[in-house]
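Here's the structure we're looking at; comments come further down.
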Amino acid sequence: MLSYLSSHDTSLFREGGSTAAELLLLAPGAVQIFYGDESSRPFGPTGSDPLQGTRSDMNWQDVSGKAARSVTHWEKLGQFRARHPAIGMGKQTTLSMAKGYGFIRETGDDKVMVVWAGQQ
Numbered sequence: 001m002l003s004y005l006s007s008h009d010t011s012l013f014r015e016g017g018s019t020a021a022e023l024l025l026l027a028p029g030a031v032q033i034f035y036g037d038e039s040s041r042p043f044g045p046t047g048s049d050p051l052q053g054t055r056s057d058m059n060w061q062d063v064s065g066k067a068a069r070s071v072t073h074w075e076k077l078g079q080f081r082a083r084h085p086a087i088g089m090g091k092q093t094t095l096s097m098a099k100g101y102g103f104i105r106e107t108g109d110d111k112v113m114v115v116w117a118g119q120q
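full-length UniProt numbering applies: residue 1 is where the sequence shown begins, and numbers increase by one.
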């Protein structure tokens with residue numbers, strides 16, 4: 001299973017900010033980050049085809065500027081996912097919670113517990 005927010009064949013998904021990053025990068029299975037998901041790259045014309053706005057230039061100026069906080073959040077989540085294979089391929093046990101959402105995923109020697117409250 002492959003999960004993603006955006007691709008060059010779909011519209012750019014820019015709603016949800018950090019929440020979208022958390023839901024994607026903590027999802028089971030393989031995930032794909034399309035360039036600019038982490039920095040909210042805008043839809044815009046390209047040199048070859050003005051109708052292919054999903055293939056606009058990368059907004060490099062925003063990576064260390066106005067989107068720096070978002071990019072850092074995506075990086076931390078990606079590093080956590082890379083260190084813990086259970087996130088993508090572990091057996092899941094869903095936790096019963098009054099508020100929020102939580103789960104345990106485990107595979108081999110790797111076991112993680114994630115509790116998501118949906119707030120920063």
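Note that the Cβ used here is the ideal one computed from N, Cα and C, for glycine as well.
- Query: Which of helix, strand or coil does DSSP assign to residue 77?
  - Reply: Translated into the one-based positions of the sequence shown, residue 77 becomes position 77. Reduced to three states, the DSSP call for residue 77 is helix.
- Query: Exposed or buried, residue 57, counting other C-beta atoms within 10 Å across all chains shown (16 or more means buried)?
  - Reply: One-based indexing of the sequence shown puts residue 57 at position 57. When all chains shown are included, residue 57 counts as exposed.
- Message: For residue 4, list the residues DSSP reports as bridge partners.
- Response: Sequence index remark: in the sequence shown, residue 4 carries index 4 (1-based). Per DSSP, 32.
- With distances taken Cα to Cα, identify the nearest neighbour of residue 37 among 24, 52, 1 and 86. The residue labelled residue 37 in the question sits at position 37 within the sequence shown. Looking from the CA of residue 37, the closest CA among 24, 52, 1 and 86 belongs to 24.
- Quick one: is residue 74 buried, meaning 16 or more other Cβ sit within 10 Å of its Cβ, or exposed? For the purposes of this step, residue 74 is identified with residue 74 of the sequence shown, where counting begins at 1. Burial call: buried.
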